[in-house]
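S.K.: The structure follows.
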Amino acid sequence: MTLSVPSARAVDLRVEPVDDVLDRVERSLQVHLDQGTVVRKRRSVGARTDRDTWVRVERRCLDKIGVQGWNGNECAARLKGIAQPAWQACVVWRDADELVMWRADETELLPGTPIGTAVLSEDPKLPDGWWQALSSSMDALAAQDTRRVATPDTVTITQALVTESIRSAFSGNFDTAVERWVPTHADLNWANMTAPTYCLFDWEDWGNAPRGLDSASLWGSSLAVPALADRVREERRHDFESRDGKLMTLFVCSKILGPDAHPEDPQLEPARRMAEQVVAELQTG
């Protein structure tokens, strides 16, 4: 028998008061957070500490915490061959008033600056060495083993979710069954990587997912800059040319082209064109 957990209210930590939360983090980790460095996102808040580390605090509803737990950043510390900030410590607690949990992870500082927002509107003009480091880390990640299952956007990815997402947006006589599942970051976008030194951070949702999810996600967040989207496809060509990579391209396109899409979104037209091409390839392949 599966017990459902009631949903808590949705909040945006960019505007939600978090002073009490940050005070608790400071006491628990015995650090002082530099208020001048605070970065607030929709579901996380981060800041530099007085011991030259970084603390990321996330709020998550209980119904978004599955049986594998909620320790992605901690579990990612054992991964090898991947450019990521070293994990050091954490504190986790259940909110006294709401059906949510809070988690603060302390890591070493990033070696560079986050490249931008999740979706870019300008080409960051990254050097060839950066792209080589990206592919090296992604290939190393896919070669590892884990029992974790990826939770992109805090939703556990399953074959049923892949099929439902693709079928909701695209018609055609092709199979949506995934052939290969591999360890995946599951939130690969331009806000979670640094430059000029490459580093990939925010590992809370990583786990097994269909091959090509990360590559397709990064391509999707690049569509407003056509040359950048083309570079992603070129660098990760072996993912995009695989059958699973084509399915993941449709999976990402289904989110971009969904019912809530803004008609002036620059991602819409290139996503629509690519989806038509991929559907045709899957039907004839």
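Read left to right, the sequence shown gives residues 9 to 293 (our numbering).
Where is the CB? At the ideal position from N, CA and C, for every residue including glycine.
No experiment lies behind these values; they were computed from the predicted model shown.
Report all residues from its chain with a CB closer than 6 angstroms to the CB of A224; omit the five preceding and five following residues, and keep chain order.
M.R.: Only M256, T257 and V260 meet the Cβ criterion.
S.K.: Between the C-alpha atoms of L21 and V287, what's the straight-line distance to the nearest angstrom?
M.R.: Their backbone Cα atoms lie some 38 angstroms apart in a straight line.
S.K.: Given a threshold of 16 other Cβ atoms within 10 Å of its Cβ, counted over all protein chains shown, does A57 qualify as buried or as exposed?
M.R.: According to the sequence as given, residue 57 is Thr; it is not Ala. T57 is buried by the Cβ-count criterion.
S.K.: On the criterion of 16 or more Cβ atoms from any shown chain inside 10 Å, does P234 qualify as buried, or is it exposed?
M.R.: Burial call: exposed.
S.K.: State the beta-bridge partners of D66 as determined by DSSP.
M.R.: What sits at residue 66 in the sequence shown is Glu, not Asp. The partner list for E66 (beta bridge, DSSP) reads S52 and R111.
S.K.: Determine which residues share a DSSP beta bridge with R102 and list them.
M.R.: BP columns for R102 point to M109.
S.K.: Could you name the residues that DSSP lists as bridge partners for M201?
M.R.: Paired residues: L208.
S.K.: Helix, strand or coil: which one does DSSP assign to L118?
M.R.: It is coil, neither helix nor strand.
S.K.: Quick one: what does DSSP say Q140 is sitting in, helix, strand or coil?
M.R.: Three-state result, Q140: helix.
S.K.: With DSSP run on the structure shown, which of helix, strand or coil describes V75?
M.R.: Coil at V75, not helix or strand.
S.K.: Output the distance between the C-alpha atoms of A84 and P218, rounded to the nearest integer angstrom.
M.R.: The alpha-carbon atoms of A84 and P218 are separated by roughly 18 angstroms.
S.K.: Which residues does DSSP list as the beta-bridge partners of T61?
M.R.: T61 is bridged to E116.
S.K.: Kindly list the residues whose CB is nearer than 6 angstroms to the CB of D190, restricted to its own chain and excluding five residues on each side of it in sequence; keep chain order.
M.R.: Looking at the sequence shown, residue 190 is not Asp but Val. So the qualifying residues of the chain are A150 and R219.
S.K.: Figure out for me which residue from S129, T184 and T166 has the closest Cα to the Cα of A237.
M.R.: Comparing Cα positions, the closest option is S129.
S.K.: Starting from the Cα of L118, find the closest Cα among G228, Y206, P25 and D268 and give me that residue.
M.R.: Minimum Cα distance to L118 is reached at Y206.
S.K.: How many Å lie between W95 and V240 at the Cα?
M.R.: Going by the C-alpha atoms only, they are around 28 angstroms apart.
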